[in-house]
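Using UniProt numbering, read the sequence shown as starting at 1 and increasing by one per residue.
Ideal placement from N, C-alpha and C gives every residue a C-beta, glycine not left out.
Quick caveat, the model's predicted, so the values are computed rather than measured.
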Amino acid sequence: TFTMQPLPLRAAQDLIRFLHQPVYHSQRFKLWLSYFEIYGGKLFDLLSDRK
């Protein structure tokens with residue numbers, strides 16, 4: 001609905017909350033994020049600075 005947060009935002013919040021748990025503090029996690037859009041039959045990387 002209109003008042004709900006977008007799914008990618010909620011997923012990112014859950015991942016960050018998960019990685020901040022004390023049991024994982026000694027682990028060395030790396031987190032990569034990609035965000036793509038398909039529009040007009042073309043694929044766009046929404047986080048890339050390249051045009």
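Taking C-beta atoms under 8 Å as the contact rule, Leu-43 and Leu-33 fail to qualify, at a distance of about 16 Å. Fully contained in the UniProt domain "Kinesin motor" (1-51) are the following beta strand (DSSP E) runs of length 3 or more, in chain order: 36-39 and 42-45. Cβ neighbours of Tyr-35 within its own chain (closer than 6 Å, five residues either side excluded): Leu-46 and Leu-47. Excluding the 5 residues flanking it on each side, Val-23 has no same chain C-beta neighbour closer than 7 Å.
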